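Structure, as structure tokens:
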Amino acid sequence: MLINGTIVNPLRGLSSGSFPSLKSLTIGGPKGGGYHSLDPNSILDLFHRAPNLIECAFDQILTPAGHDPAPRPRVLPNLRHLRFGRSLECLYSDNGLLRYITLPGLQTLIVSMDSSNDDDEDEEVLIAFLKRSSPPLQKLGICDRSYIESDESFHFPRMQEYLPLLPTLTHIELWAPPPGFVRKLFAILASPLLPHLQSLRIVRYCSDTFPALWAVLHRALTGRRTHLTHLTILYDSDGLSIDQPDAEICDVFRQLVVVDGMEIFIGYEQQNWISV
């Protein structure tokens, strides 16, 4: 909410009653850019008054730690879908609220994390949340919000700790992921982890790759040919000029399309190098 150009708390003015019929909630920042910094207590109080909330989204919202009184943790058994930010529109939000909530029924989680921060706080918060909630998560979306802030990248060093906590995962989406994250993910896909994964989508990828990475990816896809049905690696058309993989590599991936019916898109938005 903007009033005379002054940023105010978008939750201010809500009635003090309960909202038992509220199923979907989006809390957004100012339309002109910037962020709202909210006391987690105000959001948690709203959650308490909306016990039947199913989906919730935060755009341009920050929830820094260190508030007094300390936020009272909440268990939200009915919340199924939670999103922090809309990465393709660069409307990021931090994930600090995950410190205070437990979501045992969560099916979709979209988070934005900062790979340029070497204290891995985002991952620490995410890991603690997943261990506490043990959700039957089906879709995980991760955006590297440092994409527009920094060229540095520490590659999310603790990824191997939280992906094993998600055995029910069927869909992964990554927006502007750092190259190190992608390399680790491909290695994980070549292992027995994430046995139910059906779809992997990587958007705004802006790094060149090397032949060994394609080999790891092909090995992973071959081992998952009966389960993984969709793969998209969409390069950033505004980023680096990426060379098309060797013809031999493209042919290897095309075989997965022809023989196994896998849908594979690798390239720019208007150019799929793996098209048959």
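Residue numbers in the sequence shown follow this note's numbering, run continuously in steps of one, and reach 373 at the last position.
We put the CB at the ideal spot given by N, CA and C, even for glycine.
All values reported here derive from a predicted model rather than from experimental measurement.
Of all alpha-carbon atoms in L310, S231, G277, H293, the one lying nearest the alpha-carbon of P174 is that of S231. For E360, the pairing in a beta bridge is given by DSSP as H327. For L150 against L176, the beta-carbon gap comes to about 6 angstroms, under 8 angstroms, which counts as contact.
For E152, the enclosing beta strand (DSSP E) covers residues 152-156. In this structure, DSSP gives G125 an extended state, which the three-state scheme calls strand. Taking 8 angstroms as the cut-off, the beta carbon of R255 is found no closer than this to the beta carbon of D211.
Counting other Cβ atoms within 10 Å of its Cβ, P342 reaches 16 or more and is therefore classed as buried.
Under the 10 Å beta carbon count, R180 is surrounded by 16 or more other beta carbons and is classified as buried. For H268, same chain residues with a beta-carbon under 6 angstroms away, outside a window of 5 residues either side, are K236, S296 in chain order. Take the alpha-carbon of P161 and the one of S190: they are about 11 angstroms apart. For F283, the enclosing alpha helix (DSSP H) stretches over residues 276-286. Judged by beta-carbon spacing, L310 lies beyond the 8 angstroms limit of F350, meaning their Cβ atoms are not closer than that value. Under the three-state reduction of DSSP output, T319 falls in the helix class.
Here Y302 is near L331, since their CB atoms are less than 8 angstroms apart. Counting only the Cα atoms, V355 lies some 13 angstroms from F362.
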